[in-house]
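FYI, the numbering for the sequence shown is 303 to 459, going by my numbering.
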Amino acid sequence: MIYLGTLKRNNTIEEKIEVGGNILSYCGKCKADSLHIVFAMQESKIGKVTCESCGAKHNYRKPKSLPEDKTASKPSKNTKSPAQRIKKSSKKIDDTLANYDPNTVLNYSMKEDYKESSIIRHSSFGIGIVTKKITTTKVEAQFENGVIKLLAINRTV
């Protein structure tokens with residue numbers, strides 16, 4: 303059985319395919335789309351395949367030559383990690399860090415509690431400001447070099 307059609311989301315297929323059948327898949331070793339033999343499936347999801355060109359065994363990968371699935375949902379706006387996010391108020395934060403009083407800086411410790419706008423000194427990241435209290439045990443802090451990190455607070459070691 304050769305299946306060269308399109309796939310549904312989550313690697314499920316529109317037509318029945320079974321272990322031992324052929325399917326078009328991207329091979330990382332060949333760096334191309336090629337025919338593969340299916341040797342592992344879970345329900346209707348293709349699991350492992352063997353490349354007929356080079357013999358490599360790997361997880362099924364959607365062929366690069368197939369068009370993009372238009373029904374796939376777009377990622378939400380908040381998919382970026384805190385380190386990738388750029389704060390709109392970064393100028394304000396830069397000004398605050400440029401004019402801080404060294405006597406008011408708190409040495410960061412996981413055991414302590416911090417509120418928003420607290421200026422902290424981290425042993426690895428340097429001087430920073432707490433920009434957001436996420437939970438009772440996590441805060442977000444932005445440091446002088448612009449790096450944003452999640453820090454643990456209120457932890458007993």
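Cβ coordinates follow ideal geometry from the N, Cα and C atoms, glycine included.
For M343, the uninterrupted beta strand (DSSP E) run begins and ends at A334 to Q344, by DSSP. Secondary structure note for Y362: it is in no beta strand (DSSP E), with a DSSP letter that is neither H nor E.
Scanning its chain for C-beta atoms nearer than 6 angstroms, with the 5 sequence neighbours on each side dropped, one finds no residue around E320.
Of the candidates S355, L337 and D397, L337 places its Cα closest to the Cα of P365.
The beta carbons of R457 and M412 sit about 4 angstroms from each other, so the pair counts as a contact at 8 angstroms. A direct Cα-to-Cα measurement between L452 and T406 gives close to 21 angstroms. The alpha carbon of I348 has as its nearest neighbour, out of E354, C356 and I339, the alpha carbon of I339. Residue pairing for Y328: DSSP places it in a beta bridge opposite D335.
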